[in-house]
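Anchor point for the sequence shown: position 309 equals 310 in our numbering, and the numbering is continuous, going up by one each time. All residues carry an ideal CB built from backbone N, CA and C; glycine is no exception.
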Amino acid sequence: MLSIANVSAAQTENYYEADDYYTRDLDDADTGTSSATWYGKGATALGLTDDFNQSTFQQLLHGEGPNGESLHARKIDPDHHRAATDCTFSAPKSVSIAALIQGDIRVLAAHDQAVRTALSILETRYAQTRIRRPEGERERVTTGNVVAAIFRHETSREQDPQLHSHCVLINATQLDNGQWRSLSNEAIVAHQKLLGEIYQNELAYQLRQNGYDITPTATGQFELTGYGSELLNTFSTRTQQIETYLEKWEQKLTETGGAPLHRSQQKQATLDTRRRKTTVPRSVLLTGWAETIQAQGLTLPGVPTQDIDLSQSSQTAAYAAATLGLDHAAERESVFKQAKAERFALEHGLGQQWFADLHQALQHHPNRIVIDDQRLTTYTALERERETMQMMVGGQGQVDSIATLEEVNQRLSDALSLTAGQREAILLSATTCDRIIAWQGVAGSGKTHSLNLYARIAQTQGHDVTGYAPSAQAANVLHQDTGIPADTVAHLLHTPDPDPSQLNRSSTKFPIWIVDEAGLLSAKDAHALLQKAEVHQARVVLVGDTRQLSAVEAGNPFKSLQEAGIQTAILNQSRRQQTEALKAAVHHIAQGDIPTGIQQLDEAGFIQTVSLDDRVSALAQDYLSLTPAQRKKTLILSGTNDDRLAITQKLRHALQQEGRLECDRFTLQSLRPKDLTQAQARYVSHYAIGDVIVPVRNYPRHGLERHQRYTVAAIDPTHNHLILQAPNGQTLTFNPVHCARKTSYRIQRLPIAVGDQLRWTRNDRDLGIRNGQHFTITALNDQGQAQILTPDGNTRSLNLRGHQYIDYGLVSTTYSSQGKTADRVLVAADSTLTQEAFYVAVSRAKRHLTIYTPNKDDLLRIAQRSRANQNASDYLPLYQVTHHGQTPQTPTTATNCRDDGRRIGERLARQLTTAIRRDSRTKDPASRLTRSTDRLTASLNPSNHVTSTTRQSPDPTLPELTRQFAAALRQRRQQWLLTQQDRQWYEHYAAQQPPAQPYHQDQMIAHQYLQEQCGSQGQPTQAQLRQAARILFQGPLARQLRQQESRTAAVDYVRQQVNAVMQQRMYMRQQQRHLRVDMER
C-alpha cells in the first residue's frame, strides 16, 4: 500500500528521525539495511552518499544543498511551502508480524528492496519539473532524478507491529544543464496506485522466494498464508479505530438523509482519529506482543527456512500477465497508457513475477506498438483500423448510383424546407457510386428527416432499406422517425450470414444499410459491420457526428473513415434550437469555440452557480416548480449513474411529499451491469457475493444455461472459483475463465411506487421490450404485481418480481441522452464533464436550458477537455489526410503503415508507404499468414479427427467398429510421433540459441527454422508456417500456457510469435531492397 502527502519544512524536519524508535539500536548486521538512508540520482549529484545526516536533511527541507547552495529560485516559507512529498509504503499486517514479532530479517530486506524498486520506477518515469519555453508556455519535463530520504518505521501509533517506510522526496530535481528546480509531483500522485502495486508485487514475489505462500485479499493486496484473521485483527488497533469512526459517521448521515461518504471524507477520518506517536523501547514492545498472543490463545505459523528459485516461472508468468494487461487496456482504448496494462497485470499476477520480467515481457510483446514514452497501441488495433479503411476505399466507384441527379431533384422539388446540407446528403447518397459513404451532421441538423426522404427514393428504385444503430433506443427512434425497419448493430452482427448460393450476385438492387449514431460505433463493431456488408453486398450509409460522444469500447472509426477520404455529406445547420440565444451558443460550441458558447449561455441566464452540496437541491426545486405538462417535456441529465440515482432519490422524495408519487410499495431487485472488460471478467476479484452472472450461450459442461441468472454465493480466490446458486437452488462451482460469453451484474435495490417512471435496461424480443423504453407504474401491490402505461398509451400487467432489467427513468446520463430532444433540459454538471458530453447536453434543448455548476471557471476548463476515443492512426499515419467533421480538408491518397512486430515508429512509418488502394487488390503475405495460423487450432487437436472417424456410420457392424477403432489408434499413434518429432526439433534449435527469455527464444527458433527452409528472401509456404507453429507449440512457454490457461491461449501465443517473425522477415527484405536501390544509384 502507498499513501502520499505533501509536507512543509516545519512539519517534516523533527518527525522522521525521532520516530524510528527501537530501529536505531539495530545495526546493519542485524537487518542488512539501515533505518534511514539517502536515495536517488539527485542525492548522488549532491554528494549524499554517506550515512544519513539530520542537519543535511534540514537544509534540504529549507531548499538548500549540503554546501548551502539554493535549490529554488526564491526563498522558502517553512510553514507553507511544499518542502517535500512523503510517499509511505506499508507492508501487510502478516508481513509485519513475520518480520517484527517472529524476527525474520529476510522479510525486512524484502520490504526494503520492494521500496527501492518502486522508487526506481518513480524516479525514472515520474520525476518531473516545469520549465518555461521561449514562447512563454510552461511545460512539464521528465528529469529522471530525485533527492530522497528513506526512513523505515516498524510500529503504528497504537504500538502495533506495522512495517512501513517513509520516502521523503525533497522538492528539488536537477535539469540536464545542472540547474536545480522544484520537483513537480503531479505525475507521482497520478500513478500512486501503480507504484503501490509495484511495491506489493515485488514484496510478494520476494517472500515467495523466501518460502512463504501468499493469499490475495479483496482489496488487491495480500497476506501471508497461515496468518488468520483473528491474529491480524489483534494487531490492527488503528484500523479498527478508523472503521468504528466511519461507521458512526455513516450512521449519522443515514439518519439525516445525507449522501454516502466521499473518499476525501474517509481520509479525513484517518486524521481525526490519529494521536501523537510515542517511543517505546524495543524490549518492551516484544514482551507486550508476546503476552498479547499468549493471552488471546493465538499461535504463530512457522517461519520457512528454504528459499525457492522462481526465476523460470517468473518469465512465463510475466508473458501471460503482459498479454492480459494489453488485452484489458486495448478493449476500451485503441491508444492507452502503458501504466494501465501494467496495473492490470500486477493486480492479477500479484507476486508471480518480478516487475523487471513483466517490463521485459511488455517490451518484447509481439502485439505491442510504442506510441511514445507513456502510451501504447496494439498491432491488432492498427490492423483492424487499416482493414476498415481498406474496405471503404475498396468499395469506392464499385456500385451503380441509385438514381440520376435529375430524378433526385425531381423527387425533392416539393421539399422546400430542406437545408443545403440536407439536400446535399440526399443527393450524394442517391447518386454516389461508392458502396460506403458518411453523413457528418451537427446535433439537430435534421438527419433523420433527410434519411426518410432518401429511404423513399431508394425503395422506389427497388432497394431494400434497413436501419441499424449501436443502441436499441437509437434504433427505435430511427424506426419511428423514418418508418424503415431498424435494429441494433449487435443483432445484425450476430445474425448468421446467408448461404452464398442464395445471394443474387448479378442483381444491382443491393440492400442499403443506414447506420445511425455511427459515432458510437467501436472499431471492432465497425470492422465487423463492413465485413458483413461485403458478404451481403450491401451499401452502407454511416450517419453521425464526430463532435459527440464515442463508443464505450476502443476506437473512433467514424472519425478515421472521414480522415481516410470517405465521401461525406456535411450537415452543419442545426434546426433544433428555437431561441436565438440558445441557437447561437450551441453553434459556437459545435464549432469548438467553447469560451464564446459558454459566455453566451451565461449572458442568456442558462448557467446557475450553486455549491456542489446544493446542486441537486437546486435542480430538484426548479423541476418541482414546473407544471406537470412542462415536466413531461423536460430532460434531466447527470454525468454519472451515482449522480443520476442521487438526483432521482431527491426528486422522488419531493414528489411523494407533493402527492404526485405514492408511498413505496415494493422493492425491486434491479440488475445493474458491472461493465467489466473481458480480461476483468476472468478473475473472481471483480465479483462480489450477491452479484448475478448471466451466460450469453449454453455451457453444458459447467451446468450453465443461456440467459439464466446465477447468483454468486461464495468466492474462492485461491482457485479463482465462484460458487453459484442456480435459479432452481442448486449450487455449482465455476471458474469464470471457462465462460467467456457472459454478462455480470450487481444487485441494485430500487423502492417502487405508483407514479414512478421506469425504463427497461435490456432487450427482450419475445416480449417486445427494447432497451431504453420508458413506462409508468399506474397500479402496484406489495407483491410486485403492477399495471404499467407505455408512451404510446397502451397498458399491460407486469410482475416486477420476475423482471430485473429495470431502472429509474426520471433522470438520464448524458451518454444515454444522445439522440434525444426535449423542450427543456436541466444539466447537473460535475468533474466528469468533457467537451463531447457538454456539447451533447446543451444541444438536447429546444427552448430552455439550465446548467448547475459550482464554478463557472471550472465549467469552462472541463468543457474544453476532449475525451473522444482515439485511433491508432492518430499517431501512426495510415493515410495522408486530416478530414472529418471537426477539421474538414481535401482528401488525398491513403497509405499503409505496417508494424515490423517489434519496433514500429516514425522511421518505419516513413518507409512503408504502399497505397491502401493497391493493398486492397493485392493481399500481403501477413494476411495469408493470419489465415493459415487461424487454422492452427484444428491442426493441433488430433481428437477432432478421431471423433469424426468413429461417427461415420450410425449403425456399424462389429467388424466395421473394429476397423474404425484400429484406424483411430493408428491416427493417435501418428499424431504422437509427430508431436515427439516437433519437440525434438524445438530442442535441436533451442540448443543453438544464446540464453534468452522464453518468448524471445521462441522467436529466434521460428526465425532460424524459416531461414533454413526458404532463406532470407523466400516466402514461406503454408505448410512451412504450420510446421514452425507446431515446433513452437512444444516449447516450455506454450506448454505452460496449455496447463495453466488453456489450449486456446497457447495457440494464440504461437500465432502471435509466428506473426512477429514474419513481420521481421518482411521488414528485413524491404530494408535489403532499399539498400540495393541506394547502391544502384
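Where residue i falls, given that 16 or more other Cβ within 10 Å makes a residue buried
i       : result
LYS94   : buried
SER284  : exposed
LEU176  : exposed
LYS76   : exposed
ASN234  : exposed
ARG866  : exposed
LEU3    : buried
ASP875  : buried
GLN1012 : exposed
SER612  : exposed
SER832  : exposed
ASP105  : buried
GLN1028 : buried
GLN731  : exposed
GLY350  : buried
Alpha-carbon spacing of residue i relative to residue j, whole angstroms
i       : j       : result
ILE608  : VAL812  : 19 Å
GLY303  : GLN114  : 23 Å
THR288  : ARG153  : 21 Å
GLN1057 : GLN163  : 45 Å
SER686  : ALA715  : 12 Å
ALA173  : TYR684  : 42 Å
VAL490  : ARG457  : 22 Å
GLY691  : ILE132  : 52 Å
ARG540  : LEU413  : 22 Å
VAL693  : GLN981  : 45 Å
ARG342  : ARG387  : According to the sequence as given, residue 342 is Ala; it is not Arg. Their Cα atoms are separated by approximately 23 Å.
GLN474  : GLN774  : 7 Å
GLN1002 : PHE1034 : 13 Å
Own chain residues within Cβ distance below 6 Å of residue i, not counting five before or after
i       : result
ARG1066 : none
LEU299  : LEU232
ILE98   : PRO162
GLN532  : none
THR668  : ARG750, PRO752
ASP824  : LYS634, LYS847, ARG848
ARG645  : SER639, VAL812, THR814
ARG710  : VAL693, VAL695
Where residue i falls: helix, strand or coil (DSSP)
i      : result
ILE437 : strand
TYR711 : strand
GLU628 : Rather than Glu, the amino acid found at residue 628 in this sequence is Thr. Three-state DSSP puts THR628 in coil, outside helix and strand.
ASN368 : coil
PRO93  : coil
PHE236 : coil
VAL148 : coil
TYR853 : strand
ALA10  : helix
LYS338 : strand
ALA916 : Any reading at ALA916 must be qualified, since the residue scores a pLDDT of 33, below 50, and its modelled position is unreliable; the value itself is stated next. Looking at ALA916 - three-state DSSP - the assignment turns out to be strand.
VAL812 : coil
THR641 : coil
CYS88  : strand
LEU355 : Checking the sequence, you will find Trp at residue 355 rather than Leu. Note: TRP355 maps to coil in three-state DSSP.
Beta-carbon proximity list for residue i, same chain, < 8 Å, skipping 5 on both sides
i      : result
VAL544 : ALA439, TRP440, GLY442, LYS448, LEU452, ILE515, VAL516, ASP517, GLU518, ALA519
ARG1   : Coverage of the chain is limited to positions 2 through 1082, which leaves residue 1 absent and any answer about it impossible.
SER315 : TYR206, GLN353, GLN354, TRP355, ASP358
Nonlocal neighbours in the same chain, by C-beta distance under 7 Å from residue i, ignoring five residues either side
i       : result
LEU383  : ILE370, ALA873, LEU877, ASP900
GLN1041 : THR317
TYR806  : LEU672, TRP761, THR762, ARG763
Proximity test, Cβ basis, 8 Å: residue i and chain C
i      : result
ALA459 : In the structure shown, chain C cannot be found, because there is only a single protein chain.
Does the stretch 774 to 790 come close enough to the stretch 743 to 758 to have 3 or more Cβ pairs within less than 8 Å? yes
Counting pairs of beta carbons, one from the stretch 698 to 712 and one from the stretch 784 to 801, are three or more of them closer than 8 Å? no
Below 8 Å, can you find three or more Cβ-Cβ pairs linking the stretch 401 to 413 to the stretch 468 to 481? no
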